[in-house]
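In the numbering used here, the protein residues as written are 93 to 175.
Let me begin by presenting the structure, written as structure tokens, before commenting on it.
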């Protein structure tokens, strides 16, 4: 499942980041920010009227991500929740 598909406040674990193209700068930056396999992640809040951007917490740090950026992060929801 993609991070952009995860429901608000559902705990999940990062599975990886998808590179859209070779040497993908956005995917590289997401990894630098801590979106690496095994890290706990959850969506804290959604913007009104379409939910873009998303407020995402990874570990103890929060980031605002565009929905298109969050779609690059694959996650596994805890206990199969969040779909």
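The beta-carbon is built from N, C-alpha and C at its ideal position, and this holds for glycine as well.
Values in this document were obtained by computation on a predicted structure and should not be read as measured data.
What does the alpha-carbon distance come out to for the pair residue i and residue j?
i: residue 99; j: residue 128; result: 20 Å
i: residue 118; j: residue 124; result: 10 Å
i: residue 139; j: residue 114; result: 31 Å
i: residue 112; j: residue 160; result: 11 Å
i: residue 142; j: residue 135; result: 14 Å
i: residue 144; j: residue 109; result: 19 Å
I believe residue i touches residue j by the beta-carbon criterion, under 8 Å. Please report the beta-carbon distance rounded to the nearest angstrom.
i: residue 165; j: residue 94; result: 7 Å
i: residue 147; j: residue 137; result: 4 Å
At which residues does the alpha helix (DSSP H) containing residue i begin and terminate?
i: residue 94; result: From DSSP, residue 94 is part of no alpha helix (DSSP H); its letter is neither H nor E.
Determine the DSSP secondary structure at residue i, reduced to helix, strand or coil.
i: residue 120; result: helix
i: residue 129; result: coil
i: residue 168; result: strand
i: residue 98; result: coil
i: residue 156; result: strand
Output the boundary residues of the beta strand (DSSP E) element that contains residue i.
i: residue 162; result: It is not in any beta strand (DSSP E) - residue 162 instead sits in the alpha helix (DSSP H) that spans 159-162.
i: residue 108; result: 104-109
i: residue 147; result: 146-150
Can the beta-carbon of residue i be found closer than 8 Å to that of residue j?
i: residue 130; j: residue 151; result: no
i: residue 170; j: residue 103; result: yes
i: residue 96; j: residue 168; result: no
i: residue 153; j: residue 133; result: no
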